[in-house]
Structure formats: structure tokens, C-alpha cells
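Colleague: If you read the sequence shown in numbering that gives the first Met the number 0, its first letter stands for residue 0, the second for the next number, and so on. Before I ask anything, here is the structure I am working with.
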Amino acid sequence: MGKNTPGKQKTVRLSEEELKELCQKAVEDGVSKYITVQNQKKKQEWRGLLFRTKKLLENYTKLKDYAEQAVVTLEQAEEVDETLVNMDVLMKFKLFEDDKTLHRQLRGVNAVKFIMAHVDRMLEVYKSNCLNSSQEVMHRRWFVIEYMYLEREDAKKTTKEIAEIYQTDISNIQKDAKEARNDLTTLFFGLDAMVLYEIRD
């Protein structure tokens with residue numbers, strides 16, 4: 000029997016030009032994949048901002064009530080419960096300075112007040128832009144937002160009810176709401192949202 004000899008390995012020789020083309024293709028593929036991944040991340044960030052805008056609008060009246068009615072001072076607390084007048088003595092002994100729950104509550108209230116002040120200002124900007132526009136659809140977009148989100152709970156309207164008011168298809172009202180939320184996302188979140196808006200889905 001003859002000795003087993005290992006199979007010969009096939010050698011591939013590339014010309015300098017072929018090697019350059021191969022490297023160029025690898026670089027282009029890598030860059031393309033990187034850009035795709037980055038765009039997907041940015042689209043995800045945009046969807047995140049859009050989600051936050053929708054949640055802000057859906058909870059607008061509740062957040063407004065919280066910001067306006069939350070108790071953040073001793074005077075406000077005493078207006079709700081007159082028996083708290085004796086807290087003055089406790090405050091003098093600094094018994095609340097290390098109360099983490101109280102500090103978290105105060106930070107939370109102030110954060111909501113700050114956010115809602117910004118949201119209200121941007122809603123005014125959007126309202127002005129819409130109502131001063133020469134396009135009727137822009138007028139309608141503002142009222143869609145107002146009817147759907149800004150009215151008190153018992154006065155809010157569904158897309159079907161709004162469509163009946165404007166005598167148009169529900170799909171047009173849904174489109175109005177979507178475009179208005181896009182516009183408001185840019186106003187609520189500024190430059191970051193403007194950049195992300197350009198590559199949204």
C-alpha cells in the first residue's frame with residue numbers, strides 16, 4: 000500500500016489590481032453596513048421621541064392638573080389640612096431635611112411643572128403657526144390636536160367624531176393627528192428631533 004499523501008492546497012494568486020478591488024469592496028460594504036446600523040439607531044431614537052410626544056399629549060390634562068395642584072410648600076399643605084400648622088415647629092428642628100421621599104416628591108413636581116411650561120409654550124407656537132397658515136388642512140390639524148388631547152376628559156373627541164365635524168374621512172383625521180404629532184415632536188425636543196426627523200421612517 001502506498002503512503003497517504005495530503006491533498007495539495009490550491010493557491011490563488013491575485014493581481015495588484017484585483018487585490019485593490021477586493022479591499023475597496025470590503026471597505027464599501029463595511030461603510031454601508033455602518034451607515035445602515037446608524038440610520039436604524041436614529042430611526043429608533045425618532046420613534047422614541049414620537050412615543051414621548053404621544054404620551055405627553057395623551058396625559059396632557061392629567062399632567063396639567065398635577066403641575067397646578069401639587070403641594071410643594073408648607074403654606075399649600077396648610078390650605079389642604081389646617082392641622083398641619085404645627086409643622087412649623089417640626090421644620091425649625093430640621094426634621095425634614097434628610098427625608099428622601101419628600102425631596103424626590105419636590106423634584107418630581109418641579110420637573111413636571113418645567114416640562115408642562117415648555118409644552119404649553121410650544122403648543123401656543125404650533126397653534127399660531129397652524130391658524131396663521133393659508134392652508135385649511137393646517138387649521139384642521141390644530142383643532143384635531145385640541146379635540147383629541149387638550150380638552151377635558153368629558154369633552155375630548157374621537158377621530159370618528161372629528162371626521163363628522165369636518166365631514167371628511169377618518170383616515171384624513173388620523174393623518175392630521177400623525178403629522179401634527181411629528182411637528183410637535185420637533186417643537187418639544189428641538190434640534191435633536193429636527194435632525195432625526197429627516198431620516199424617519
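We treat Cβ as the ideally placed atom computed from N, Cα and C, and that holds for glycine.
Quick one: any contact between the segment 62 to 72 and the segment 133 to 147, if contact means 3 or more CB pairs under 8 Å?
Modeller: Because the criterion of three Cβ pairs below 8 Å is not met, the segment 62 to 72 and the segment 133 to 147 do not touch.
Colleague: Under the three-state reduction of DSSP, which class applies to Ala69: helix, strand or coil?
Modeller: Your numbering for residue 69 matches position 70 in the sequence shown. Looking at Ala69 - three-state DSSP - the assignment turns out to be coil, as it is neither helix nor strand.
Colleague: Whether or not the segment 21 to 32 and the segment 107 to 121 are in contact is what I'm after, with contact meaning three or more pairs of Cβ atoms, one per stretch, closer than 8 Å; do they touch?
Modeller: The segment 107 to 121 is not in contact with the segment 21 to 32.
Colleague: Determine the DSSP secondary structure at Gln23, reduced to helix, strand or coil.
Modeller: Counting from 1 along the sequence shown, the entry for residue 23 is found at position 24. In the structure shown, Gln23 sits in a helix (DSSP, three-state: H, G or I).
Colleague: Check each candidate in His117, Glu160, Ile164, Glu163 and name the one with the smallest Cα separation from Tyr59.
Modeller: Mapped onto the sequence shown, residue 59 falls at position 60. Nearest C-alpha to Tyr59: His117.
Colleague: Over what stretch of residues does the alpha helix (DSSP H) that includes Met137 continue unbroken?
Modeller: Locating residue 137 in the sequence shown gives position 138, counting from the first residue. Met137 -> alpha helix (DSSP H) spans 135 to 144.
Colleague: In whole angstroms, what separates the C-alpha of Ala192 from that of Glu15?
Modeller: To locate residue 192, count along the sequence shown from 1; it is residue 193. To locate residue 15, count along the sequence shown from 1; it is residue 16. Straight-line Cα distance between these residues: approximately 47 Å.
Colleague: By Cβ distance, which residues of its chain are closer than 7 Å to Val143, with the 5 residues on each side in sequence left out?
Modeller: Here residue 143 corresponds to residue number 144 of the sequence shown, with the count starting at 1. Cβ within range, chain order: Ile161, Ile172, Asp175, Ala176, Ala179.
Colleague: From the DSSP output, in three-state form, read off Lys126 for me.
Modeller: Here the question's residue 126 lines up with position 127 in the sequence shown. Of the three classes helix, strand and coil, the one that applies to Lys126 here is helix, per DSSP.
Colleague: Could you pull out every residue in the same chain whose Cβ sits closer than 7 Å to the Cβ of Asp168, ignoring the five residues on either side in sequence?
Modeller: On the sequence shown, position 169 is the one that residue 168 refers to. Contacts found: Ala162.
Colleague: Quick check on Ala66: buried or exposed, where buried means 16 or more other Cβ atoms within 10 Å of its Cβ?
Modeller: Within the sequence shown, residue 66 is the residue found at index 67, counting from 1. Burial call: buried.
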